[in-house]
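*Asks:* First to last, the sequence lines map onto chains A, B, C and D. Counting in the numbering used here, the first sequence tops out at residue 316, every number present. Counting in the numbering used here, the second sequence tops out at residue 1314, every number present. Counting in the numbering used here, the third sequence tops out at residue 2315, every number present. Counting in the numbering used here, the fourth sequence tops out at residue 3491, every number present. Note that CB positions come from ideal geometry on N, CA and C, so glycine has one too.
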Amino acid sequence: MTPLFRLFRKPWIWSWLAAFVVWFLTIMVTLGASALGLSQAALTFAAFSVIVGIGQMFVITLGPGNIDLSVPATMTLAGTVALKLMNVENGMILPGLLVAIVIGLVVGLGNYALIKALRIPPIIATLSMSFIVQSAAIWTNRGLRIKPPSVLAEFTTSSTLGVPNVAIVALLISLLAWFLLEKTIYGRWISAIGQSMPAARMAGIPVDGTRFVTYLFCAVLASVAGYLLACFSGGAALNMGSEYLLMSIAVVVIGGTAVAGGDSNVPGIWGASLFMFLVVSMLNTYGLGAGIRLIMTGLIIISVIMLAGGRRAGMR
Amino acid sequence: ETSAKKIALSNNYAGNSWRQAMLTSWGKVTGEAVKAGTVAAADPFTTAENQATEQAAQIQNMILQGYDAIVLNAASPTALNGAVKEACDAGIIVVSFDGIVTEPCAWRIAVNFKEMGRSEVEYLSKKLPDGGNLLEIRGLAGVFVDDEISAGIHEGVKQFPQFKIAGSVHGDWAQDVAQKAVAGILPSLPDIAGVVTQGGDGYGAAQAIAATDRKMPIIIMGNREDELKWWKEQKDAKSYETMSVSIAPGVSTLAFWVAQQILDGKEVKKDLVVPFLRIDQDNLETNLANTQAGGVANVEYTQADAIKVIESAK
Amino acid sequence: MTFRLSSDALRLAIPALSLTLLLAAVFWLQPRAMSYVGLNLLFNLAVPIALATIAQMIVMAVNDLDLSMGAFVSFVACVTATFLRDAPVIGVLILAGAIATYAGLGVVIYLRNLPSIVVTLGMSFVWGGLAVLLLPAPGGQAPDWVRWLMTVKPPLAPMAIVASIVIALVAHLLVMRSSLGVLMRGIGGNQRSVERAGWSIVGARASAYGLAGLFAVLAGIALVGLTTSADANIALRYTLLSIAGVILGGGEFIGGRVSPIGAVIGALTLTLAGSFLSFLRISPDWQIGAQGAILIIVLALRLMLNRLEKREKRR
Amino acid sequence: MQAGMAGSMDDVLKAVIAVDGAKVSFGAVRALDGVTLRVMPGECVGLVGHNGAGKSTIVSVINGGLTPHEGSVASDGERLERYGINAARARGVRCVFQELSLCPNISIVENTRIMHRHLGGFGWRRRAAKIIETSLDAVFPGHGIDSSRAVGDLSIAERQMVEIAMAFSDSGIAPRLVILDEPTSSLDASLARQMLDHVRRFIAAGGSVIFISHILHEILETADRIVVMKDGRVVAERPAQGFDHHGLVEAMGTVAKEETGQRSVRELSTAPLILSHQAKGLPFAARKGEIIGLAGLAGHGQTELLLALHAAQSSNWLPERDPLVTFVAGDRRLNGVFELWSILRNFSIASLGDLSRRGLILAGEEETKGADWKRRIEIRTPDMDNRILSLSGGNQQKVLFARALATRAPVVLMDDPMRGVDVGTKQEVYAIIREEAARGRTFIWYSTEMDEVRLCDRVYVFREGRITTELAGDAVNETSIIAASFEGAAA
Ligand SMILES: Nc1ncnc2c1ncn2[C@@H]1O[C@H](COP(=O)(O)OP(=O)(O)OP(=O)(O)O)[C@@H](O)[C@H]1O
Ligand SMILES: Nc1ncnc2c1ncn2[C@@H]1O[C@H](COP(=O)(O)OP(=O)(O)OP(=O)(O)O)[C@@H](O)[C@H]1O
Ligand SMILES: [Mg+2]
Ligand SMILES: [Mg+2]
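1. Report yes if the C-beta distance between A:Ala19 and A:Gly271 is below 7 Å; otherwise report no.
2. Which residues in chain B sit within 8 Å of A:Ser233, going by Cβ to Cβ distance?
3. With DSSP collapsed to three states, give me the class of D:Glu3258.
4. In this structure, how does DSSP classify D:Ala3006 when only helix, strand and coil are distinguished?
5. Going by the DSSP bridge assignment, what does B:Ala1041 pair with across the sheet?
6. Nearest-angstrom Cα distance between B:Glu1285 and B:Val1296?
7. Could you name each continuous beta strand (DSSP E) segment of 3 residues or more that falls completely within the stretch 14-82 of chain A, going from the start of the chain to the end?
8. Give the DSSP-derived three-state secondary structure of C:Asp2135 in the structure shown.
9. Where do the N-terminal and C-terminal ends of the beta strand (DSSP E) with B:His1170 fall, by residue?
10. Taking the alpha carbon of C:Ser2035 as the point to measure from, which residue in C:Ile2161, C:Leu2111, C:Leu2067 has its own alpha carbon closest?
11. Secondary structure at D:Trp3124, three-state DSSP: helix, strand or coil?
12. With C-beta atoms as the reference, is B:Ile1063 less than 7 Å away from B:Ala1090?
13. Residue ranges of each beta strand (DSSP E) run of no fewer than 3 residues wholly in the stretch 1202-1288 of chain B, ordered along the chain?
14. Can you list, in chain order, the residues of its chain with a C-beta nearer than 8 Å to that of A:Val29? Leave out the 5 residues immediately preceding and following it.
15. Counting only beta-carbon separations shorter than 7 Å, does B:His1170 have a partner in chain A?
16. Once DSSP output is grouped into helix, strand and coil, what is the label at D:Arg3075?
17. Name the chain C residues that come within less than 9 Å of B:Ser1119, Cβ to Cβ?
18. Have a look at D:Gly3172 and D:Trp3124 and give me their C-alpha separation to the nearest angstrom.
19. Which residue from D:Glu3163, D:Gly3034, D:His3245, D:Ala3409 puts its Cα closest to that of D:Pro3323?
20. For C:Gly2122, go through chain B and note every residue whose CB falls closer than 7 Å to its CB, in chain order.
21. Select from the stretch 130-160 of chain A all residues with a C-beta closer than 8 Å to any C-beta belonging to chain E, and list them in chain order.
22. Under 6 Å Cβ to Cβ from D:Glu3258, same chain only, skipping five residues before and after it: list those, please.
23. Check the Cβ-Cβ distances between A:Gln56 and every residue of chain C, and say whether any is below 7 Å.
24. Straight-line CA distance for A:Ala136 to A:Leu77?
25. Between which two residues does the beta strand (DSSP E) harbouring B:Tyr1301 extend?
26. Should D:His3300 be labelled buried (16 or more other beta-carbon atoms within 10 Å of its own) or exposed?
27. Between the Cα of D:Cys3456 and the Cα atoms of D:Met3450, D:Ile3291, D:Ala3484, D:Gly3121, which residue gives the shortest distance?
28. Considering only their Cβ atoms, is the gap separating B:Asp1098 from B:Ile1137 smaller than 7 Å?
29. Check each candidate in A:Met240, A:Ile301, A:Val224 and name the one with the smallest Cα separation from A:Leu94.
30. Counting Cβ pairs closer than 8 Å, one from the stretch 195-212 of chain A and one from the stretch 1254-1263 of chain B, do we hit at least three?
31. Which residue marks the beginning of the alpha helix (DSSP H) containing D:Lys3426, and which one marks its end?
32. Have a look at the DSSP bridge pairing and note the partners of B:Ile1192.
33. Should the stretch 2196-2214 of chain C be regarded as contacting the stretch 1013-1032 of chain B, the criterion being three or more beta carbon pairs within less than 8 Å?
34. For a contact meaning CB atoms closer than 8 Å, what does C:Gly2250 contact in chain D?
35. With distances taken between CB atoms, is the gap from D:Ala3295 to D:Val3411 smaller than 7 Å?
36. What residue does the beta strand (DSSP E) around B:Glu1136 start on, and which one ends it?
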């Protein structure tokens, strides 16, 4: 009784429940025959949302107003440049990954420079940055689609023991994130900064350093996600990240992270990512038109947050 | 005589390879035209996001800048009418292509999107006389090209009732979105005989289907190189057969020449039609050879082509 | 005592100065813009953005953020181009219902203590879906009176300028001078104290959201008046534009610090920045990036002037 | 003798507000355990008690913000069934809350509009300005506050002045009962004096006041009757003449012995210099083991100096193994507590470096150290894992103290940290400070309370943002500090 009760007080439980209900409703159409296929697909595509979502979650934890809108553009730039560099050669996989990470670092640096040096609110700073990054992506190869190296393409599209490889990568990143948040000083610091920046400063926390690292982390995760996605879908496209703007925010908040900052959780990201994929699949499966589908998606998001967020305090 | 005339390209989106190819073609053809002194300038302008309001502002700026003609790929067939009307009132020639506008004072170089959708089903009916289930991949909801092609496909299904649309997803013309949407609906679908697309989503669908143990259906392809290449591989390996329909991005150059002809005082009908680009099993290799790696199958137009199109419309 | 500018006045001086600088640059690049017609062309599309910015600003005044603004304005545009023209009574009812829904959202967000970002994110799907249902393909037509209103040519100044001034003044009266405005900003500053003074927070939040809904509806109608027809995605950009407009105009995300006149100026600045860029004729590869750069420059200007303000205060 | 036997029928009839047997609990915490309190017209009731005794809670009940789970509220002999904020305000009940309860983003005039609901209609700005200015002039003559300024631009003392004036202001419904919950905590002596004088005038004119303060002499000289609370109950209730300082402390159940200004003069001028700073005015320097006071009128630059010292000595970019300074906040809502966190996490945040290995937090050590400090400074909570907000204000402040003292930083900066801390706790903290100073820690202490300043070895007096005087040894006494504080003004 009590453990169950305590489980229901976890902020992330609702996204998992919602994901499960939607999954169940979807497989019922085929009386369960699609269970395996659907689960695998869900794990595969949720993985990308999880990776970008975790980065976004760290940023959102920094407190009200902190958000990274440059995620899609960073994904695109990292994907295009890395694939161009690798040029279908298996030997270049590691340099490609390195370049993607460096791009993430540069974008993160740019973001924080704008936020700190020019005091531009993060939402606008990262938006402006994303325009520049997007232009850079266009400029580098004018939208030509280059194929990923065969080993990478193979790796990202196959499974190990029935679990998609990308999902395993996302799981490892989630574990790292969980560890950072729960067990390290850094995790305490970002939570403290999210609750009150002046208080964090006066408690001796290196506020700027911590925020800087967090923006770097988010941008690097976005570029890693872009790298993987480009390999998974057989080449980088200029618009490949656009979906992940709303997605990265939605999975964070549906997952039970406080939008007002200071409180985050990793399991919720998974629940929410699975949910966001499954809900579209469910509505597609039931053959609903685009209009109805959008309305249902919206209403479901609101109901989940109503169930989950009713009692928790939040600024917004 | 148009050597003193200035032409602007108003483009609403640059975020995919088709648009990039379109801009490249424009740059190539108009660059030569400017050098040859045919026109004084041919500047391309692009908005950051696919938004009618921003493009309307862009057109209004072009009016201020004193261009003589505006070549327009519109974000919306109707939402730019206000701005287009103001341009016309200012004595500017407006030629729309691909994404055309309904404002009567503008010229339209249109593709018959409905016919494009219908022809896909017609093709399938030849390959699959017994019919079967179809999966439809649509574009971006609320955009008119999506609505037109889809209407054509549904018309085709009515014409060939042996087909049934078993599922329909929106791929937003982005191949990763298409891949995701298809992967999500696929487990719940019965056997699929064919996939009808709007061009550009074929490879994503193929990827999603390849990830399952289903038999590969006939996927109608678009004109991106990766689609054609995949088709070629399948053709070589297991004599896979399909076709590809699309619009050549080089149509922007046709629009350029048409605008130039109008400026030159030629009588041109308001509605011109360009054929869509179709690739079949037998001319796949030639087309693939002409396509840049990672690019889009393309056709560029010359002044003579434009004159021919104008003449034939009369 | 030395003369001291109030912080409200300074909050306004900064965006006004950015706008002036940008306008000077545009006139220098394109002298043709310096005319009745030219100003109208430069600014008329800023009118709906200004209205949407005011709507966003009201939501921000009570410490919330509306991520559904763009979708909602698109929805209103669809209603305007269809029902409001063909069946005005039903059209008006739908729009009134939409405003009521906004007010209801304000209540639900407060009562259930929900993050407004998520609720409005969800609502953006709902409005988008409704818009697609109304207009699966672009179309419809603006009612004649709307078209007339947006294209009328008043003497002296073009409609775009007149409308902007009227919007700024009305919003200023509502938000900065009226009791309701004080109440809304008070909630943004310290909700608990407003509650302790015996006000109904539910009522105040409902009015704030309702008012925001009203301005957003006006934005949708004005937009259709300019474009003559609508589509389901017509104003999606307005979400970010409106937030950027509020910030450019000196507003802040939390704490109820907003400035309606600043917000209108912010919207004008954003629109003008776009024009400025096209007059510069940058290579198409970098046209998108330049939009980011100009946002950065305008905001950096704000920072510079903010420093001045601080120095002013310290004296 | 106006309030004789509590509970007589007569009293209930006359009482402005009578709370009978109020019980309130927050979860497991019994904040009020059957409190009966009456306030007569023309009477000032002093309310004292240790931190967490329930004073603020009874205030919330009277003010209508909290409905007691049991018990009743009556006014003018009439039992009020549906008592709420609006009913209370309609009866002239006004409240000054401990924490800032004005809206910082809007002007004083606009705040007045919010406080007085019925003020609306055309031309309200003019009326509101008149109301608040009249009241400010009455309570704090010569205040010099412009009512069109935004509250956020005011100093903390000015805000408190506005808030007090707001409570006494009359916009049609005259204030009958004004509740002051620690109103003087940020005011310096002269402003506090002005306020207390006004309270007496208000009482003389027939108004009633409930006055809560941890500064006992204020209570003793201002209140007519003193109610002592302890653990959610009233434990003593007598006319003010019936108490003296010692008796009051005893009634509150504080065991700590009183030490009034016993300060052994220590010779530290040879101790090594540990910190120096070029402030405005005289140079600032601190030696190892010194307790340095920052005195002067409130808001004259003391906090700014502390912030500057902190900023100069701690890095914003890189973590530091051995920070030189640590900070105890006075404005705990603004820069003290982390509201989402447990008490333990709030406590340990500043010393995580010592509680971790290679960036990994050692949960066991964190808990041990937390338990240790809970015992040392008696944080009243059953469990350090409870949320920090479940503590009363004074106990939260103790946690902030523990946070700073638990670090290894040799210099402790204190920004008027004893605001709202009860007498017993204060004595304990003073003892700890002395003990730590003896071991070589340096304390730099801004305080608005003279008793505290007198505990310091050396005092810098501030005036208009600059250090004007340095006092040491026997010169550290009330007369010379006050003289130094007003030096500039007299000139
Ligand atoms: N909202 C609340 N939730 C939980 N506990 C509360 C709440 N309000 C008060 N308490 C608890 O009730 C008790 C009484 O608190 P109260 O604030 O009335 O004390 P106080 O006498 O005002 O103390 P202080 O002198 O420190 O202000 C304390 O133990 C406090 O922790
Ligand atoms: N919603 C809440 N949940 C938990 N605790 C609360 C809540 N509201 C108030 N408290 C706590 O209850 C206590 C009483 O609240 P109050 O604001 O009256 O304290 P306070 O008077 O400011 O404290 P002090 O007088 O010691 O400075 C405080 O410790 C406060 O933080
Ligand atoms: Mg209290
Ligand atoms: Mg208190």
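*Replies:* According to the structure data:
1. Mapped onto the first sequence, residue 19 of chain A falls at position 19. Mapped onto the first sequence, residue 271 of chain A falls at position 271. Result yes, Cβ atoms of A:Ala19 and A:Gly271 sit closer than 7 Å.
2. Numbered from 1 along the first sequence, position 233 holds the residue referred to as residue 233 of chain A. Correct list: Gln1175, Asp1176, Gln1179, Gly1204, Gln1207.
3. By one-based count along the fourth sequence, residue 3258 of chain D stands at place 258. In this prediction, D:Glu3258 has a pLDDT of 46, which is less than 50 and means its spatial position is unreliable; nothing more can be read from the coordinates.
4. The residue given as residue 3006 of chain D occupies position 6 in the fourth sequence. Here D:Ala3006 scores only 45 on pLDDT, less than 50, and its place in the model is too uncertain to base an answer on.
5. Reading the second sequence from its first residue, position 41 is the one you call residue 1041 of chain B. Note: B:Ala1041 sits in a beta bridge opposite B:Lys1006.
6. On the second sequence, position 285 is the one that residue 1285 of chain B refers to. On the second sequence, position 296 is the one that residue 1296 of chain B refers to. Whole-angstrom Cα-Cα distance: 14 Å.
7. none
8. For the purposes of this step, residue 2135 of chain C is taken as residue 135 along the third sequence, with counting starting at 1. The sequence given here has Leu at residue 2135 of chain C, not Asp. Coil.
9. Numbered from its first residue, the second sequence carries residue 1170 of chain B at position 170. Taken as a continuous stretch (DSSP letters only), the beta strand (DSSP E) holding B:His1170 covers 1163-1170.
10. Numbered from 1 along the third sequence, position 35 holds the residue referred to as residue 2035 of chain C. Selected option, being the one with the closest Cα: C:Ile2161.
11. Residue 3124 of chain D sits at position 124 when you count from the first residue of the fourth sequence. If DSSP states are grouped into helix, strand and coil, D:Trp3124 belongs with the helices.
12. Stepping through the second sequence from its first residue, residue 1063 of chain B is reached at position 63. Stepping through the second sequence from its first residue, residue 1090 of chain B is reached at position 90. It is a contact, given that the beta carbons lie within the stated cut-off.
13. 1244-1246, 1271-1273, 1277-1279
14. Sequence index remark: in the first sequence, residue 29 of chain A carries index 29 (1-based). Excluding positions up to five away in sequence, the list reads Thr285, Tyr286.
15. By one-based count along the second sequence, residue 1170 of chain B stands at place 170. Chain A contact via Cβ: present.
16. Taking the fourth sequence and counting its residues from 1, one reaches residue 3075 of chain D at position 75. Here residue 3075 of chain D is Ser; the residue named in the question, Arg, does not match the sequence. Of the three classes helix, strand and coil, the one that applies to D:Ser3075 here is strand, per DSSP.
17. Numbered from 1 along the second sequence, position 119 holds the residue referred to as residue 1119 of chain B. Residues of chain C passing the Cβ test: none, with the nearest at roughly 20 Å.
18. Looking up residue 3172 of chain D in the fourth sequence gives position 172. Looking up residue 3124 of chain D in the fourth sequence gives position 124. Cα to Cα, the separation comes out at about 13 Å.
19. Here residue 3323 of chain D is taken as the residue at index 323 of the fourth sequence, counted from 1. The candidate whose alpha carbon is nearest that of D:Pro3323 is D:Ala3409.
20. Indexing the third sequence from 1 puts residue 2122 of chain C at position 122. Those do not exist, as C:Gly2122 stays about 17 Å from chain B at its closest Cβ, beyond 7 Å.
21. The displayed structure is made up of protein chains A, B, C and D, and chain E is not among them.
22. Along the fourth sequence, read from residue 1 onward, the residue named residue 3258 of chain D stands at position 258. The pLDDT assigned to D:Glu3258 is 46, lower than 50, so where the model puts this residue is not dependable; a value taken from the coordinates is nonetheless given after this. So the list is empty, once near-sequence residues are dropped.
23. Here the question's residue 56 of chain A lines up with position 56 in the first sequence. Not one chain C Cβ lies under 7 Å of A:Gln56.
24. Your numbering for residue 136 of chain A matches position 136 in the first sequence. Your numbering for residue 77 of chain A matches position 77 in the first sequence. Computed Cα separation, rounded: 7 Å.
25. Counted from its first residue, the second sequence places residue 1301 of chain B at position 301. Per DSSP, B:Tyr1301 belongs to no beta strand (DSSP E) and is neither H nor E.
26. Translated into the one-based positions of the fourth sequence, residue 3300 of chain D becomes position 300. Buried, because 16 or more other Cβ atoms sit within 10 Å of the Cβ of D:His3300.
27. Taking the fourth sequence and counting its residues from 1, one reaches residue 3456 of chain D at position 456. The candidate whose alpha carbon is nearest that of D:Cys3456 is D:Ile3291.
28. If you number the second sequence from 1, residue 1137 of chain B lands on position 137. If you number the second sequence from 1, residue 1098 of chain B lands on position 98. For B:Ile1137 and B:Asp1098, no; Cβs fall outside 7 Å.
29. Counted from its first residue, the first sequence places residue 94 of chain A at position 94. A:Leu94 has its Cα closest to that of A:Val224, out of A:Met240, A:Ile301, A:Val224.
30. no
31. Within the fourth sequence, the letter at position 426 stands for residue 3426 of chain D. 3423-3438 is the span of the alpha helix (DSSP H), which, as asked, contains D:Lys3426.
32. Indexing the second sequence from 1 puts residue 1192 of chain B at position 192. Note: B:Ile1192 sits in no beta bridge, so no partner.
33. no
34. Mapped onto the third sequence, residue 2250 of chain C falls at position 250. Correct list: empty, because the minimum Cβ distance to chain D is about 12 Å.
35. As a working note, residue 3295 of chain D is residue 295 in the fourth sequence. As a working note, residue 3411 of chain D is residue 411 in the fourth sequence. Cβ atoms of D:Ala3295 and D:Val3411: not closer than 7 Å.
36. The residue given as residue 1136 of chain B occupies position 136 in the second sequence. Note, B:Glu1136: beta strand (DSSP E), 1132-1138.
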